[in-house]
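Asker: Protein sequence lines, in the order shown, are assigned to chains L and B. Heads up, the first sequence is in my numbering, so the first residue is 7 and it goes up one at a time. Heads up, the second sequence is in my numbering, so the first residue is 9 and it goes up one at a time. The C-beta atom is built at its ideal place from N, Cα and C for all residues, glycine as well. Since we're looking at a predicted model, the values are computed, not measured.
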Amino acid sequence: MSQSSIRPLSVGNVVSAGLVMYRSNLKTYLKLSIIAYLWILIPIYGWAKFCAIHGLIARLAFCELINKPETESAARDYIKPRLWSFLSVGFGVGLRLLGIYILWYLALIAVVVFPLAVLGTQTGIFVAIITGLAVFIVGIIVIIRLYSRWFVAEVPLAVEENTTTGSQSIDRSWDLTKDAVGRIQYIIVVAFLVTIPIQIVTAYIPSIFQVQTEPGTSAYTTIQLISFLLSLLGGAIIMPFWQAVKAVIYYDLRSRREGLDLRLRGREI
Amino acid sequence: MRFFNRITLQTPESVELEFTLAGIGNRALALLMDYIALGFTLIVFWVAWGIFTVIITDTFRNVRNVGLWLFAIAFFLNFCIYMAYFVFFEVLWQGQTPGKRYTKIRVIRDDGRRIGIQQATLRSLLRPIDDIMFIGAFLIMLGRKEKRLGDMAAGTVVVQEEYLVVTTNFPISEKAKELATELPQIANLSLLLPDDFATIREYLQRRKDMATKAKNELSLHLARQIRNIIDLKDLPEGLTPDIFLEAVYIAYQQQTSS
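1) Inspect the beta-carbon positions of E170/B and N13/B and report whether they are closer than 8 Å.
2) Rounded to whole angstroms, what is the Cα-Cα separation between I258/B and A42/L?
3) Identify whether R109/B lies in helix, strand or coil by the three-state DSSP scheme.
4) Along the alpha helix (DSSP H) that carries T227/L, what are the first and last residues, could you check?
5) Any contact between the segment 229-237 of chain B and the segment 245-257 of chain B? By contact I mean 3 or more CB pairs, one from each, below 8 Å.
6) Tell me which residue opens and which closes the beta strand (DSSP E) that E210/B is part of.
7) DSSP three-state call for Q174/L: helix, strand or coil?
8) So, are the CB atoms of Q168/B and I113/B less than 8 Å apart?
9) With DSSP collapsed to three states, give me the class of F27/B.
10) Unbroken alpha helix (DSSP H) runs of length 4 or more, entirely within the segment 52-131 of chain B: which are they?
11) So Y226/L and V158/L are supposed to be a Cβ contact under 8 Å. How far apart are they, rounded?
12) CA-CA distance, Q9/L and D204/B?
13) May I ask which residues mark the beginning and end of the alpha helix (DSSP H) holding I206/L?
14) Give the secondary structure of R152/B by DSSP, where H, G and I count as helix, E and B as strand, and everything else as coil.
15) Could you check where the alpha helix (DSSP H) with R14/B kicks off and where it finishes?
16) Which residues bound the alpha helix (DSSP H) around V133/L?
17) Helix, strand or coil: how does DSSP classify T248/B here?
18) Tell me the rounded alpha-carbon separation between S11/L and G124/B.
19) Measure the CB-CB distance between L197/B and G158/B and report whether it falls below 8 Å.
20) Under the three-state reduction of DSSP, which class applies to T220/B: helix, strand or coil?
21) Smallest Cα separation from G77/B: which of T61/B, D66/B, A92/B?
22) Measuring alpha carbon to alpha carbon, tell me which residue in I206/L, T77/L, R151/L is nearest M141/B.
23) Distance cutoff 8 Å, beta carbons only. Does Q262/B sit that close to anything in chain L?
24) Roughly how many whole angstroms lie between the Cα atoms of E149/L and K74/L?
25) Return the bridge partner residues of V166/B from the DSSP annotation.
26) For E220/L, does the three-state DSSP call read helix, strand or coil?
27) Counting along the chain, where does the alpha helix (DSSP H) carrying L240/B start and finish?
28) Between which two residues does the alpha helix (DSSP H) holding D83/L run?
29) In the DSSP assignment, the alpha helix (DSSP H) including T189/B goes from what residue to what residue?
30) Once DSSP output is grouped into helix, strand and coil, what is the label at F11/B?
31) Could you check whether the Cβ of I72/L sits closer than 8 Å to any Cβ belonging to chain B?
32) Let me make sure I understand the geometry here. Which of I143/L, D258/L, V196/L has the alpha-carbon closest to that of A186/L?
33) Looking at the structure shown, is S30/L part of a helix, part of a strand, or coil, going by DSSP?
34) Quick one: is I214/L buried, meaning 16 or more other Cβ sit within 10 Å of its Cβ, or exposed?
35) Does chain B have any CB closer than 8 Å to the CB of M245/L?
36) If you measure beta-carbon to beta-carbon, which residues of the segment 209-220 of chain B are closer than 9 Å to chain L?
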């Protein structure tokens, strides 16, 4: 097909496209990402910046996908007025997941304690183990599903003109990912596999040195500081890759559900 | 910009072929699946060998170090299964393992020919080295041709299978078929480009998976554009954008085939 847009993608191709995009914009993305990780050290305002830069990178990647590349400063101008909305996306998703975790925890306690209290220790233990296991497994499935459905939560805010608040953006992610949970989980697994080699360099190798030194010595503290900085750096190196993958997922979802790529070229009315 | 690396190969007959490289995502997924399958095979092997060992050591109790010998043999066989899995499938299925088949990628030689037993064996022998410290993964991610050490030694590349788009099969209403016969008289279909036709076909094929609201907007948008392109003045009564697009699809197809 002679059109320049890309068609609905396979799981592996989503990840590859994300990586190719990161590689060809390495300087821009990495610089932004390192700045984002420095902002993290400043509470509230810094965190908002951190979230907004996530959106900024996703926006840059998405604009390339739809063949309308944007300069960094243009994207920045777009992101700026939405700064606090990005923070509310972060908090919105975080609090929702936290709420689910607490509910899950309470449910687990309830289904273990209740049978023990009512049925006595003999049969109670047996029932408690079964119900406990069931609630545990159901909880994991529910949390993974929810995580997938909020996976692209900040992208609509960074891309869509009429999405201006955090909750709109979260709802939009919810709508788009309907019927796509399985695919998104697959993509996350493959993308995670691809990040392992980088994580080995930044996270695991420093910890080898840490084992060899005695706690309390100055060498130990230095190495701990270095390994902390390296883990921040590791986060900063990987973050743009995830944002690029999110942009591709978002693009792919919109192609499938809304036919985003189906345009008669050069004839927009 | 290009989202997938491509490669041009020259066959021995000097024909140039262009392929899309497999990409790190597909290769990671394929490897994951192959290692899961291989893992299960090896578990079955070790369980069977364990039972076998118990029986043998029981019968040959007077022979020294039987258990050790059997363990050494098992280790060697373990290595053989690991090698054979990739060699066997890559030779038998022309460059594909179960994981590669699932992800629709294939190993081919640098000149586009299918790989033989030598290439498959070299790739398989170097696989453990590529796995150490993820050397292979880094080479695939950073290299222009996405070759790991095994690929370099064997002179192979891993490409995506080019397959034709599945035959078009989507429902077309009777009303659209009727309209299609009238269209050539009331509109100028020759103004439609093959690209436009491809977009219509793509829409008709994928519309069933789209969200209703977005689908309605898109079909209306496309129908309006197409109507302008083919210079259609009056639309028949009670026509939905979908029926109109179906009709244009059929009419264009008939026109080009006649």
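Answerer: Well, looking at it:
1) no
2) 53 Å
3) helix
4) 224-264
5) yes
6) Per DSSP, E210/B belongs to no beta strand (DSSP E); it is in the alpha helix (DSSP H), 202-214.
7) helix
8) yes
9) strand
10) 74-100, 106-111
11) With a Cβ gap of about 41 Å, Y226/L and V158/L do not count as contacting.
12) Its pLDDT being 38, under 50, Q9/L is placed unreliably by the model, and the measurement read from it follows with that caveat. If you take the alpha carbons of Q9/L and D204/B, they lie about 10 Å apart.
13) Unbroken run through I206/L: none, as it is neither H nor E.
14) coil
15) Note, R14/B: premise wrong, no alpha helix (DSSP H); beta strand (DSSP E) at 14-18.
16) 89-155
17) coil
18) Bear in mind that a pLDDT of 48 at S11/L, under 50, signals an unreliable position, so the model cannot answer this.
19) no
20) helix
21) Reading off the sequence shown, one finds Trp at residue 77/B, where the question assumed Gly. Nearest of T61/B, D66/B, A92/B to W77/B, Cα basis: T61/B.
22) I206/L
23) no
24) The residue asked about is misnamed: residue 149/L is Ile in this sequence, not Glu. Answer to the nearest angstrom: the Cα atoms are 36 Å apart.
25) V115/B
26) coil
27) Note, L240/B: premise wrong, no alpha helix (DSSP H); not H, not E.
28) 78-85
29) 182-194
30) coil
31) no
32) D258/L
33) helix
34) exposed
35) no
36) E210, Y211, R214, R215, D217, M218, A219
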